[in-house]
Every structure is written in C-alpha cells, then in structure tokens.
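The next block holds one structure in the form of structure tokens; read it before the comments.
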Amino acid sequence: MAFYRSTVLVSVDPVCVEKGAYELIDALNDELIKQGLIDEVRILETPRLGDPQKFGPDIIVYPEATHYTNLTYYEIPRLVEEHFIKGRILKQYAAKMQDAIDEELSAPKSKEIRIVLRNVGEIDPRNIEDYIANDGYQALGKVLTEMSPEDVIQEVLDAKLRGRGGAGFPTGLKWRFARQAAGDIKYIVCNADEGDPGAFMNRRVLEGDPHSVIEGMIIAAYAIGARQGYIYCRAEYPIAVSTMNLAMKQARSLGLLGKNILGTDFSFDLEMRMGAGAFVCGEETALMASIEGSRGEPRTRPPFPAQKGLWGKPTNINNVETYANVPQIILKGAEWYASMGTEKSKGTKTFALAGDVKNTGLIEVPFGITLREIIFDVGGGIKNDKKLKAVQTGGPMGGCIPEHMMDLPVDYETLGQVGSIMGSGGMIVMDEGTCMVDIARFFLEFIQEESCGKCVPCRVGTHRLLEVLEKICDGRGEDGDIEELQELCEQIRRNSLCGLGQGAPNPVVSTLEYFMDEYKAHIYEKRCPAKVCRSLIKYEIQDGPCTGCTVCARNCPVSAISGERKLTHVINQDICVKCGICYQVCQFDAINVI
Amino acid sequence: MAENKYAEAETIQLVNEIVASTGTTRADLIPILQKVTNNLGYISQDAIKQISTLLKLPTKEIASVATFYRMLSTQPHGRHIIQFCESAPCHIVGGREVFIALKTALNLEPGETSTDNKWTFITTSCLGICGVGPVILIDTEIHGNVTPDQVPSILAKYA
C-alpha cells in the first residue's frame, strides 16, 4: 500500500458539487502533479463535511485536520504552495474550529459509563446506516439465528436488567410472564411517555439513537412471541416522534421490521401512538387505555398486562431506556452487564441533572455511585458555589434526600429506603435557597392536577394535602397541620389505585421527615427560612446602597415602588405582590428580603 | 360548551377527510381528535357529532375523551398559545417569578384566552428542555433561560 503524508478529504455532497467541488478536485490533482507531490498527497471524496449551505465546498487536510471552506479552484495553486510546500495554513480560508454546543449532553465525565447514551450525539439518528456501522442490529441477527426465545429471556434475566421506568421490576421476568401467558396474539409496548418533570433522557435516546429502541423492541417481541408493537410517545416531543417514524420506515425498508425479518419466519411491525398530554398515561394500564382510544385512566392490577393487556391480550410494556439496553446485553453478554452496579441493581442508569447544579443535562452512571459523586464529580457542584441542601429524585412522586445522606449509593433499594424512588431518572439538585415546604406544595400541585380522578383517595386526598400545604405556605398554618398531613399521607399511600396516588405523598413525607424544622418555622414562627414563601417575606429597599436609579420602579409590574431620582426608593407593602423583579433588576444589591 | 367557530359543512368535510385517512376503530379516536385539533385549533361540537356518526360512538364518549387530555381542547384558542412549563426544574431556577411576570403582562389566568383573541395562556407539564429552564413555549417557539424582565420583550415579538 502506498504511503501518503497527507490526505485531502473533499466534500462532494450535492450542494458542494453545485458549488464546484469537482472543479476543485481537478485543479488540486493538476497542481499536485505540477508540484511533484502527487505521490505524497492523496485526494479522497467524502459525502459531507460541515455545513455546505453556509460555506462549501469544504475540504479537510489530514493528519493536521485543517478545515478549509469557501475555496475556488483558482486558489488551489496558492493552497498547494502554502499548505503542502511551505507548511503554512492558508488562514483566509481556514474554517474556525467550532465547539459543538450541546446543553443537554456534554462529553462523558470520568465517572460516567455510557451504554444507553453511547450513540446519542455520535451518530446521525436519521440514517440507519450510521447505527448499523456501530454494531447496530447485530444483536438482532444473533437473536434470530442463534438463540431461542427462552435463551433471550435467560440472558436478560442473567444480566439482571430491571425496568428503567421507575419500579425496577426484573425485565426478564416480565418477558417470561408474557411468553408463558396463553394466547396467540401478544403485544409489545414501549412506554415513551416519561412525564416525570425534569426527566428528558428518553427524549434524547429517541431523538439521538432511535434504532437502539427499535432493535430492543424487536428482540423483546421475538422473546415473548409478539407480532405487533406500539411506541407510545409524548406529544410534547415532536422531534422524537418524527425521528422514530423515519427510523421505523428505514428499518422496514431494510427488512428489519415487517414480514420475515432478516429472512427468517419471524414477523413483527411497529406503530407510533402519540399521547395527548396526560401525566397519568405513563402508568401502564392508563397507557394501554389511551392506545385503545379511551380516557387514560388506570385500572386495578392484577390482572397484569402480561396476562391481560392491550385489547385483553398478553402485553409486555417496558420503557425506552430498558429496551435500549437490550441489544448491548445480547451483544456483550449478561456477564459483562452484570459486572456493573450493585448487588441488586445492575448496569447503568441515565439521569437528567437539573436545578441548582453547575452542569445540568444528561448523564449515565453505573449503579452504586453516590449522590455526592453525581453532584460534585459529574455535575461540577452547586451553582454560584452555594450550599447543597437536598436532592429530589424520581419525579413528582419522589422524595427529597437531605445533604447528610449524599454518600448513599444510588440503587433502587437504597433510594426506596430513604423515602424516595428511582423513578425514570429525574434528579433535581436544590441549594440552600430552596424552601422545602414550598417544594412539597409544588409537587402536590402537580400531582393533584394530574390525578385522573378515578379513585377517591387520590382525587380528594391530594386535593386536601395541597390545601393544607398552601395554608402553611400562606402563613395561615396552625397547630395540628403537621399531624393532619401525616394522617392524609398514610391514607393516600395505602388506598390509592395506582402508582401515581400511592407515590403522591412521598414529597410530603420525605420533607416532613428531614426538614420538620422548616414546617415548624412556617407554622409557629410565621417565617420562611429559605425566604421563598411570599406571604412570609417582605422586600425592602435599603437606604445606603440605593442610588435612586429608578430601575426597580420602572420594572415593578404593579407600580408599588416610588421615589425621586437619586433618592432612596420605597416599596409600598400594601401594593407589592412580592414578585421579586425589583430584587433581580437592582444592580446595587439595595433590596433585601426579610 | 363553546359555539362552533367554523361552518358546519366545512367541519364535516374536514372530519370526513381525517377519518378516511386514519380509520374508524375505537383506537383511531385519539389520533382523529389530535388531527382535528391541529386543523381547527379545537374540537367543536360539529366535529364531535360527525366523529360520532362515522365511528358509531356516542357523543358523550367522544366528549369524555376530548376533555380528559390536556392537549385536546373543546374551547377555541387565541392566535398564539403560550405554554408555561410548570415543572420542578424550571420552578427551582426561578420559574415562579417568570410565571407571575407572564400572568401580570398578559392579565390572564392559566387556561384563559385574552378578549382580543391574541393569547391563550396555559400551563404545561415538562416540555423536556429542562437544561435551559425556566422555559416558555409560544406556539412552536421555545424560549429558554427566561427571566421575568425579559417577558415583555418576548411577548412584544408576536403580532
């Protein structure tokens, strides 16, 4: 093989061709011959570099990876002279190195392991070939040609994969139940209706690596004997929906979905169903009701979907992340997968870090990592170097874990023991400026609104819980409120129909347990220690720092601030709605919250 | 119940086309309602009646489904729909202040439409763009990292 000191990649996508890519190649070729460099520099055509609409034609010179844009063929002699003979970069045409900015997903930190997110941001999600080039659909090939359905289930069982939707039920066991259930017609459903506020990992997987989910679903369908599957996706995620639709189409065109997959006698196809904005539809029985065209209301279990699911047929429901793990488990083996994590929670988990942490966004870490490692090593610590107060995991039905428990390992059992849940992976970091009573009130507001209303404990109970919390935040708390909250929580947890109601008290129970003094301060001292609850705080302008610049008065939405220019301003407490805008816009820190 | 904003014949034709391209089984009901919402902006009484005829379902069944889901509406909307994300990650990073600023600037409570028919203000659960909270979505345009003082200038961009 010939040895070249340089390789020039020339982009020949249609736009670059139209802008003269081939003229460029010819000119380059001629010039290299002329300068006697043709044996040292090689020219290769490549489908696409950069953004051809903006620049183009694009070329990149390796090994130094200099990217040139906007070149025309008559500049080629200068380029060859400067770059290849004199070794200088022709700055005029050098494209600026652009950092890809992805606020949701940055390069993996040292403590991360990426399995589910391995392709996200790395491959073109709208091109199935990119996925195939990264070992895509190899697991499916292995399953269909070398493994029996029972082998597949055993492999997933041995990997100890647990449902990533929140409850952590062993996936292999779920599949076995569905396989053993009587009946010819069975269904596979992918729950892509993650509604946990703050948990957007599934959206990124659907948008960034759709085929990993499709491949996982086909493998699951083979394992349980299903011929039809549904992806139930939130309508709030239009890009995910269109990416998945395209991915399914491409898979179908290559014979990876549809009749006789990969030439075997196994047939399976998928359909997309969009949600219509109901949080409770993340609950599996409600989700199935919604696919069937009804109100998304949960029903009692048993019978479980594995026995009686969609249209009364055995149905296997897993979430996006669960399916996305499956191809990797099949390819690399259960042993590899089970080597990560804790005794009962194996593999990795994606989390959406949000709130008062420096690096918000998606992360994927092995089970067993501590919360402190997640927040400080992966998340970079607390914003503005404030103090960490608590971490809320598991979405609205999760609990708040206080700072002194940050060294606990993250797995399903441990989070459960301290009063929270794994959930689908929302992780909200709160600093000292967060009021825990307000947070409990906030989550209850959400739950109460999303309660479908079918069962009384949830419908009436969460309403009542919210009333008491609102009373406390409003400064009208009284003796006995705490006891009433505790009593209500217990009743709701014990008597509700589905996970939404059963989990509804968690935010209240966990904050009562770890932050009782804040509740007491609100009720007995009429004071909000974090200075958040509006009825219990007051904004005041300090005499000294105020320069009378009038910015606060001009921004006040209710005109509560008065004062002459260059004189100290005054807030009229009777008009003030405590929106905090003045506090934000003041450049002299003249406004105090008391 | 809201009055019908469109002529009955027009609605019937639209529903006929949507049903023809979607299907007439019960499982097709929600996709049909979604398409009607996308086309008319809401699900009118005329639309419900016509769906009822074609799918052979009682109108009360259709109304019951149409009123259950947040993204389906039986009320007409304003020209622009402002969705405020009321989820925890946005709340923690100052969402409440933005919410108050929005409410004040629009002079609307969540769920209301302004009298000039310009704005409909609704709250939504997580939009999944938590990295840039607080987030508001106006029609299909995302505004992230919103601060209360930006609200008037954001609203001013819409005619």
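Those sequence lines, one after another, are chains G and R. Residue numbers for the first sequence follow this note's numbering, beginning at 1 and rising by one. Residue numbers for the second sequence follow this note's numbering, beginning at 1001 and rising by one. Ideal Cβ placement from N, Cα and C applies to all residues, glycine included. Source: prediction; values computed, not measured.
Please list the partners that C1097/R has in chain G, where partner means a Cβ-to-Cβ separation under 8 angstroms.
Sequence index remark: in the second sequence, residue 1097/R carries index 97 (1-based). Note that residue 1097/R corresponds to Glu in the displayed sequence, not to Cys. The contacting residues are C579, G580, I581, Q584.
What did DSSP end up calling A100/G once you bin it into helix, strand or coil?
The sequence position of residue 100/G within the first sequence is 100, counting from 1. With a pLDDT of 49 at A100/G, under the threshold of 50, the modelled position of that residue is not reliable, and no figure is offered here.
Here's the rule I'm using: 16 or more other beta-carbon atoms within 10 Å means buried, otherwise exposed. How should H404/G be labelled?
As a first step, residue 404/G must be located in the first sequence, where it is residue number 404. Counting Cβ neighbours within 10 Å, H404/G comes out exposed, since fewer than 16 surround it.
Nearest CA to the CA of G453/G: which residue from P47/G, G501/G, L444/G, E487/G?
Taking the first residue of the first sequence as position 1, residue 453/G is located at position 453. Comparing Cα positions, the closest option is G501/G.
Taking P149/G as the reference, give the member of Q180/G, A159/G, N29/G, R494/G with the closest Cα.
Taking the first sequence and counting its residues from 1, the one referred to as residue 149/G is at position 149. Of the candidates Q180/G, A159/G, N29/G, R494/G, the residue whose Cα lies closest to the Cα of P149/G is Q180/G.
Flag M1001/R as yes if its beta-carbon sits less than 7 angstroms from any beta-carbon of chain G, otherwise no.
Taking the first residue of the second sequence as position 1, residue 1001/R is located at position 1. Residue placement at M1001/R is poorly supported in this model, since its pLDDT is 45, which falls under 50; the coordinates still yield a value, given next. Cβ-Cβ to chain G under 7 angstroms: no for M1001/R.
Starting from the N-terminal side, write out each stretch of the beta strand (DSSP E) that is 3 residues or longer and does not extend beyond the stretch 22-48 of chain G.
41-46
Could you confirm whether any beta carbon from chain G is found closer than 7 angstroms to the beta carbon of V1065/R?
On the second sequence, residue 1065/R is found 65 positions in, with the first residue counted as 1. By this cut-off, V1065/R is an interface position.
I need the boundaries of the alpha helix (DSSP H) containing E18/G, first residue and last residue.
The sequence position of residue 18/G within the first sequence is 18, counting from 1. From DSSP, the alpha helix (DSSP H) with E18/G extends over 14-18.
Kindly list, in the order they appear in chain R, the residues whose Cβ is closer than 7 angstroms to that of Y237/G.
In the first sequence, the residue the question calls residue 237/G occupies position 237. G1128, listed in chain order.
Same chain only: Cβ atoms within 7 angstroms of M274/G, ignoring 5 sequence neighbours per side:
Against the first sequence, residue 274/G aligns to sequence position 274. Only C233, A235, V241 meet the Cβ criterion.
Under 7 angstroms between C-beta atoms of L157/G and G361/G
Mapped onto the first sequence, residue 157/G falls at position 157. Mapped onto the first sequence, residue 361/G falls at position 361. No, these two residues do not count as a Cβ contact at 7 angstroms.
Using 8 angstroms as the Cβ pair cut-off and three pairs as the minimum, do the stretch 423-434 of chain G and the stretch 454-473 of chain G touch?
no
Just verifying my parser: in three-state terms, what is the DSSP assignment at R164/G?
The count along the first sequence starts at 1 and reaches residue 164/G at position 164. Here R164/G sits in coil by DSSP.
Let me know the secondary structure DSSP gives I374/G once reduced to three states.
The residue you call residue 374/G lines up with position 374 of the first sequence. I374/G falls in the helix class under three-state DSSP.
Could you work out which residues of chain R lie near R299/G, taking near to mean beta carbons separated by less than 8 angstroms?
On the first sequence, position 299 is the one that residue 299/G refers to. Within 8 angstroms Cβ-Cβ: nothing; R299/G doesn't reach chain R, min ~15 angstroms.
Which residues of chain R have a Cβ atom closer than 8 angstroms to the Cβ of Q392/G, listed in chain order?
As a working note, residue 392/G is residue 392 in the first sequence. Within chain R, the residues near Q392/G are A1088.
Can M430/G be considered in contact with the ligand MG, in the sense that its beta carbon sits closer than 6 angstroms to one or more heavy atoms?
With respect to small molecules bound, the structure shown includes none, and the ligand MG cannot be examined in it.
If you check the beta carbons only, do V213/G and V320/G fall under 7 angstroms apart?
Locating residue 213/G in the first sequence gives position 213, counting from the first residue. Locating residue 320/G in the first sequence gives position 320, counting from the first residue. Yes, the pair counts as a contact, with Cβ atoms nearer than the cut-off.
What does I428/G reach in chain R if we use C-beta pairs closer than 8 angstroms?
Here the question's residue 428/G lines up with position 428 in the first sequence. Neighbours of I428/G on chain R, chain order: A1088, P1089, I1092.
Near N555/G, what residues of its chain come up, given a Cβ to Cβ distance below 7 angstroms and the 5 sequence neighbours on each side ignored?
Residue 555/G sits at position 555 when you count from the first residue of the first sequence. I581, C582, V585, listed in sequence order.
Can you name the start and end residues of the beta strand (DSSP E) that G361/G belongs to?
Against the first sequence, residue 361/G aligns to sequence position 361. It spans 361-366 - the beta strand (DSSP E) in which G361/G sits, taken as one unbroken run.
Determine the contact status of S1052/R and I1043/R, defining contact as a CB-CB distance below 7 angstroms.
Sequence index remark: in the second sequence, residue 1052/R carries index 52 (1-based). Sequence index remark: in the second sequence, residue 1043/R carries index 43 (1-based). Remark: C-beta atoms of S1052/R and I1043/R do not approach each other more closely than 7 angstroms.
Could you tell me which residues DSSP pairs with R273/G in its beta bridges?
As a first step, residue 273/G is located in the first sequence; it is residue number 273 there, counting from the start. Y232/G, per the DSSP bridge assignment.
Counting only Cβ pairs nearer than 7 angstroms, list the residues of chain G close to S1114/R.
As a position in the second sequence, residue 1114/R is number 114, starting the count at 1. Those within 7 angstroms of S1114/R in chain G number zero; the least Cβ separation is about 17 angstroms.
Within 7 angstroms (strictly less), CB to CB, does N555/G reach chain R?
Counting from 1 along the first sequence, the entry for residue 555/G is found at position 555. So, interface residue.
Can you name the start and end residues of the alpha helix (DSSP H) that K1035/R belongs to?
Residue 1035/R sits at position 35 when you count from the first residue of the second sequence. Start and end: 1029-1040.
Beta carbon proximity, I1012/R to chain G, threshold 7 angstroms:
For the purposes of this step, residue 1012/R is taken as the residue at position 12 of the second sequence. Not closer than 7 angstroms to any Cβ of chain G, the Cβ of I1012/R fails to qualify, so no.
If I follow the unbroken beta strand (DSSP E) through T350/G, where does it start and stop?
Mapped onto the first sequence, residue 350/G falls at position 350. Residues 348-355.
Under 7 angstroms, Cβ to Cβ, is there at least one residue of chain G near T1024/R?
Position 24 of the second sequence, counting from 1, holds the residue named residue 1024/R. Not one chain G Cβ lies under 7 angstroms of T1024/R.
Along chain R, which residues have their Cβ under 7 angstroms away from the Cβ of E104/G?
Translated into positions along the first sequence, residue 104/G becomes position 104. Those within 7 angstroms of E104/G in chain R are G1131.
Are the beta-carbon atoms belonging to Y323/G and C190/G less than 7 angstroms from one another?
What you label residue 323/G is simply residue 323 of the first sequence in a count that begins at 1. What you label residue 190/G is simply residue 190 of the first sequence in a count that begins at 1. Their beta carbons are under 7 angstroms apart, which means Y323/G touches C190/G by this criterion.
Take I188/G and list the residues in its own chain whose beta-carbon comes closer than 6 angstroms to its own, dropping the five residues that flank it on each side.
As a first step, residue 188/G must be located in the first sequence, where it is residue number 188. For I188/G, where only same-chain residues beyond five positions count, the Cβ hits under 6 angstroms are M217, A220, A221, A226, G229, N316.
Any Cβ of chain G within less than 7 angstroms of the Cβ of D1139/R?
As a working mapping, residue 1139/R is identified with position 139 in the second sequence. No, D1139/R does not count as interfacial toward chain G.
Could one say the Cβ of Y1042/R lies closer than 7 angstroms to chain G's Cβ atoms, at least one of them?
Mapped onto the second sequence, residue 1042/R falls at position 42. Answer no: the Cβ-Cβ gap between Y1042/R and chain G never drops below 7 angstroms.
Check the C-beta distance from M422/G over to G399/G and give it rounded, since I have them as a contact under 8 angstroms.
Here residue 422/G is taken as the residue at index 422 of the first sequence, counted from 1. Here residue 399/G is taken as the residue at index 399 of the first sequence, counted from 1. The pair is not a contact, with the Cβ atoms about 11 angstroms apart (cut-off 8 angstroms).
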